[in-house]
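Take the position in the sequence shown, starting the count at 1, then add 1286; the result is the number in my numbering. All residues carry an ideal CB built from backbone N, CA and C; glycine is no exception. All values derive from a computational prediction rather than experimental measurement. Data block below; observations after.
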Amino acid sequence: MSYNRIGLIGAMNEEIERFHQHMEQVKETRKAGIVFREGVFFGKNVVLCRSGVGKVNAAVTTQILIDTFRVDAIIFTGVAGALDPDLDIGDIVISAECMQHDMDVTALGFPKGTIPYEERSVFAADAKLADLAAESADRLHEGKVKRGRVLSGDQFIADRQTVRSLHEELSGTCTEMEGAAVAQACAMNEIPYVVIRSMSDKADGSAHINFAEFTVKAADNSYRIVEDMVKRL
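Structure representation (structure tokens):
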């Protein structure tokens, strides 16, 4: 598995700070208000950026990485909220696929999560990247590592009933605000991707309490896995 240039995305500063600390030969470019850092990360050519929170930011960032910086693979790293009740804070979810949970055209007869008039609404992660992420996570992470469906929406989910619904009705393993937008943009451009998320809060209704406290710890867990992946690419 070999890539000429890898796009590394996080939504928040906490999710990309350690990457920047270990990059060399850094060149910064600002486009659409986003700072893109081209450089070398453990011997690999990468473009690192903070997309900002939400699906629009994530989609715009992904398209710029593909069009302007010509990346040929994208890794999204960061934190998420657990939907699977078996997951605890700090556990890892690797995307098998991504889907938008707030795409809702049920009033017109479409199932929840379906993008109307499109061929697909669920976007599979690249199997080789997901395998590599799982190998790194299994070796480096002491907690649980699961592959599953990452659900994305422009909502911070803290309600216990919503958590249960997203897990049971949409088969979500975790929820966040960017992954499905990255996944769809990558699918439209035939670019391989994987999303790696560390749980910053549990599926128990306490997300608003846990998030701030555990974000840095969770982001560090995700970082270590991506670092190991990139070294092995």
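Alpha-carbon spacing of residue i relative to residue j, whole angstroms
i     : j     : result
C1384 : F1328 : 28 Å
R1425 : I1380 : 14 Å
H1308 : T1501 : 20 Å
L1415 : I1360 : 9 Å
T1392 : I1401 : 10 Å
M1485 : L1456 : 19 Å
I1352 : N1475 : 8 Å
N1343 : E1464 : 8 Å
G1395 : A1411 : 28 Å
E1314 : V1333 : 9 Å
K1341 : Q1441 : 10 Å
F1322 : V1312 : 10 Å
T1347 : V1468 : 8 Å
Q1386 : R1406 : 11 Å
N-terminal and C-terminal residue of the beta strand (DSSP E) that residue i is part of
i     : result
Q1311 : M1309 to K1317
M1474 : Careful: M1474 lies outside any beta strand (DSSP E), inside the alpha helix (DSSP H) at G1465 to N1475.
Q1349 : Note, Q1349: premise wrong, no beta strand (DSSP E); alpha helix (DSSP H) at K1341 to D1353.
A1382 : I1378 to Q1386
Within 8 Å, strictly: CB atoms of residue i and residue j
i     : j     : result
D1374 : G1429 : yes
R1483 : E1462 : yes
A1290 : R1336 : Before going further, note that residue 1290 is Asn rather than Ala in the sequence given. No; because the gap between Cβ atoms is not below 8 Å, this pair is not in contact.
Q1470 : F1409 : yes
F1362 : I1295 : yes
E1324 : F1355 : yes
A1466 : V1365 : no
V1431 : A1423 : yes
A1297 : V1357 : no
A1419 : I1302 : no
Proximal residues to residue i (C-beta, below 6 Å), its chain only, five neighbours per side dropped
i     : result
G1458 : L1369, R1435, L1437 and L1452
M1389 : G1399 and I1401
A1473 : F1409
H1427 : I1378
K1317 : I1350
First through last residue of the alpha helix (DSSP H) which encompasses residue i
i     : result
K1415 : Position check: residue 1415 holds Leu in this sequence, whereas Lys was assumed. Segment A1413 to L1426, the alpha helix (DSSP H) holding L1415.
S1288 : Premise fails: S1288 is in no alpha helix (DSSP H) and is neither H nor E.
S1451 : R1446 to E1455
Beta-bridge pairing of residue i - partner residues as DSSP gives them
i     : result
K1330 : F1327
E1462 : S1438
Y1509 : According to DSSP, Y1509 bridges with nothing at all.
Spatial neighbours of residue i in its chain, beta-carbon cut-off 7 Å, leaving aside the 5 residues before and after
i     : result
K1330 : I1292, V1516 and L1519
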